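One rule links them: number in my numbering = place in the sequence shown (from 1) + 2. All remarks here apply to the structure that follows.
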Amino acid sequence: GFTEYSGSYGGLVGQSVNGYIYNCYSKPSFYFSNMHWQSTVGGLVGSAYSTNVANCYVAGSIPVTSSRTWSMGGLVGGMSAGSISRSYFSDSSLNNGLGTLASIPQMSKEATFAGWDFSTIWSIDEDKSTPYFLWQLYSWADDAVSSNWEDPLNWNKELGYPRTTSDKVYFDFPNNTVLAPSNESLS
């Protein structure tokens, strides 16, 4: 948590000047209390000056227990110039008009994120998760058989279900593809 300081605080970026923030998300796990000075607080970005934000979301809330916080927002706390497009937040108590309010159940549907790239950047488990990056589909196996990154038995496909041998993936480095156990291409 942050207390007793002034400044710009965000779940990903505190302050952005002349920036581009795109294809990102934040699930904040911080809180603010006893804020004595003027501060800007956002679920993704605290303060944005001449900054463009696109294809981002914030799932969760940011508890603030202070009456002196200057500017708060579910997505961006404060903004001067720039733009926000196709970006969402779930905390209705922090709706300052910067970004689009969407509930967690709405955020678990691909249709909510119209215009997002769900073929090469994002993935979602419909009605089960909020969007995540495609690269997050694969993780190093807890029972890795070696330290070789090219060994398919060292990788698991994350599906939110128990991992089994059939969830192993195969990296075809010369061809730059990821193969399923049946050798069908996933990329």
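No residue lacks a Cβ here, since even glycine has one placed at the ideal position from N, Cα and C. All of these numbers come straight from a predicted model, not from anything done at the bench.
Limits of the alpha helix (DSSP H) - the one that residue 64 falls within: From DSSP, residue 64 is part of no alpha helix (DSSP H); its letter is neither H nor E.
Output the distance between the C-alpha atoms of residue 119 and residue 88, rounded to the nearest integer angstrom. If I take the Cα positions, the gap works out to 12 angstroms.
Buried versus exposed, by CB contacts within 10 Å (16 or more), residue 106: It is exposed - the Cβ of residue 106 has fewer than 16 other Cβ atoms within 10 Å.
Do residue 48 and residue 84 have their beta-carbon atoms positioned less than 9 angstroms apart in this structure? no
Whole angstroms is fine: what's the gap from residue 101's alpha carbon to residue 16's? 17 angstroms
Does residue 92 pass the burial test, meaning 16 or more other C-beta atoms within 10 Å, or should it be called exposed? buried
Whose CA, out of 129, 41, 123, lies closest to the CA of residue 111? That would be 129, whose Cα lies nearest to the Cα of residue 111.
Which residues does DSSP list as the beta-bridge partners of residue 102? 90
Where residue 57 and residue 150 are concerned, what is the direct C-alpha to C-alpha distance, given to the nearest angstrom? 35 angstroms
With residue 17 as the anchor, note down where its beta strand (DSSP E) starts and where it stops. 15-19
What did DSSP end up calling residue 135 once you bin it into helix, strand or coil? strand
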